[in-house]
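Visitor: Would you mind keeping the following structure in view while I ask a few things?
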Amino acid sequence: MTKETVLAAKQIVKELGSGASKVMALRGVDLELVRGELTLLMGPSGSGKTTFLSILGCIMAPTSGELCVAGTSTEGLDPEELAGLRRDHIGFIFQSYNLFPTLSALENVRISLDVRGQKGYKAARRSEDVLREVGLGHRLKSYPSNLSGGEQQRVAVARAIVSSPSIVLADEPTAALDGENGNAVMELLARIAHEQGRSVLAVTHDPRTLPYADRVVRIEDGLIVGEERRPEGLDAPEITDLNKRRKAHA
Numbered sequence: 000m001t002k003e004t005v006l007a008a009k010q011i012v013k014e015l016g017s018g019a020s021k022v023m024a025l026r027g028v029d030l031e032l033v034r035g036e037l038t039l040l041m042g043p044s045g046s047g048k049t050t051f052l053s054i055l056g057c058i059m060a061p062t063s064g065e066l067c068v069a070g071t072s073t074e075g076l077d078p079e080e081l082a083g084l085r086r087d088h089i090g091f092i093f094q095s096y097n098l099f100p101t102l103s104a105l106e107n108v109r110i111s112l113d114v115r116g117q118k119g120y121k122a123a124r125r126s127e128d129v130l131r132e133v134g135l136g137h138r139l140k141s142y143p144s145n146l147s148g149g150e151q152q153r154v155a156v157a158r159a160i161v162s163s164p165s166i167v168l169a170d171e172p173t174a175a176l177d178g179e180n181g182n183a184v185m186e187l188l189a190r191i192a193h194e195q196g197r198s199v200l201a202v203t204h205d206p207r208t209l210p211y212a213d214r215v216v217r218i219e220d221g222l223i224v225g226e227e228r229r230p231e232g233l234d235a236p237e238i239t240d241l242n243k244r245r246k247a248h249a
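The opening residue of the sequence shown carries number 0 in numbering that gives the first Met the number 0; numbering runs sequentially from there.
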């Protein structure tokens, strides 16, 4: 069965700077994300992966190319319309958690609904339910300073999914975590993709994340250079080298 495409990027080019200092951060990148999959975007520093994530999240505009989010093209949209697209369809998870230190775990999650105009009892109950889903039902009233790094990241995950976005974008979600907490966060992201039917994309250079991925996309020097997909029923990804395929068809 063909899975629903929720995000499609075609020939994305991004130039940074101008004149002699101009850099081609992305050189024509294609990517599709579908529901029910956890995709990793991996590459060395300076490969363009964070820039690409910002474009996919409608935070940064491409120099050229086409981006379609949940059936809506971003071409010609003004900043307010782009913000609405992000608000309705995309949840973000950051390496540094970005939690408000003076708010409890429950309040940090509820604020994601507040900015969407969802308040009152239903919003509070939804936030509590999502925190229980990520294993923090006993930490509802705890402040970030009283939470471990793994717990803070799980609060950040709950905040990202509380509004039921179709797309979840994570920027180095395990980089600040030890092995145990990193594995717990990746298990959680995989469950969100598979059980809740969301499309999850994580930018990472952490090899510990590989066993959890349905697909791994490799980026170097602003180009997609390889893709690995786990065949159904197998534990390890089957590696497909796009460079070899291109040479074979050249």
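Beta carbons are placed, not taken as given, at the ideal position from N, Cα and C, and that holds for glycine.
Could you tell me the distance, in whole angstroms, from the CA atom of L105 to the CA atom of V22?
Guide: Roughly 42 Å between the two C-alpha positions.
Visitor: Could you have a look at Q94 and say whether DSSP puts it in helix, strand or coil?
Guide: If DSSP states are grouped into helix, strand and coil, Q94 belongs with coil.
Visitor: Between which two residues does the beta strand (DSSP E) holding E31 run?
Guide: Segment 22-33, the beta strand (DSSP E) holding E31.
Visitor: Beta-carbon within less than 7 Å of E256's beta-carbon, same chain only, minus the 5 sequence neighbours each way: which residues are those?
Guide: No answer is possible for residue 256: it lies beyond the span of the chain, which begins at 0 and ends at 249.
Visitor: Buried or exposed: where does H88 fall if 16 or more other Cβ atoms within 10 Å of its Cβ makes it buried?
Guide: It counts as buried.
Visitor: Is it a yes or a no for the segment 69-76 touching the segment 33-51, going by three-plus beta-carbon pairs under 8 Å?
Guide: Judged by Cβ distances under 8 Å, the segment 69-76 makes no contact with the segment 33-51, as fewer than three pairs qualify.
Visitor: Using only alpha-carbon positions, find the residue among N145, R86, G64 that is nearest to F99.
Guide: Among N145, R86, G64, the Cα nearest to that of F99 is on N145.
Visitor: What span of residues does the alpha helix (DSSP H) with L52 cover, start to end?
Guide: That run of the alpha helix (DSSP H) goes 48-55.
Visitor: Just to confirm, is the Cβ distance from A201 to L39 under 7 Å?
Guide: For A201 and L39, yes; Cβs fall inside 7 Å.
Visitor: Hey, quick one: how far does the beta strand (DSSP E) through S63 stretch, first residue to last?
Guide: Taken as a continuous stretch (DSSP letters only), the beta strand (DSSP E) holding S63 covers 63-68.
Visitor: Do T49 and K13 have their beta-carbon atoms positioned less than 7 Å apart in this structure?
Guide: No, the pair does not count as a contact, with Cβ atoms beyond the cut-off.
Visitor: Which residues in the same chain have their Cβ closer than 8 Å to the Cβ of G16, if we skip the five residues on either side of it in sequence?
Guide: Excluding residues within five positions, the ones whose Cβ falls inside 8 Å are V22.
Visitor: What residue range is occupied by the uninterrupted alpha helix (DSSP H) comprising D87?
Guide: D87 -> alpha helix (DSSP H) spans 78-88.
Visitor: Does L37 come within less than 7 Å of chain C when only Cβ atoms are used?
Guide: The question asks about chain C, but that chain is absent: this structure has only one protein chain.
Visitor: In the DSSP output, which residue or residues are listed as bridge partners for E14?
Guide: Paired residue(s): M23.
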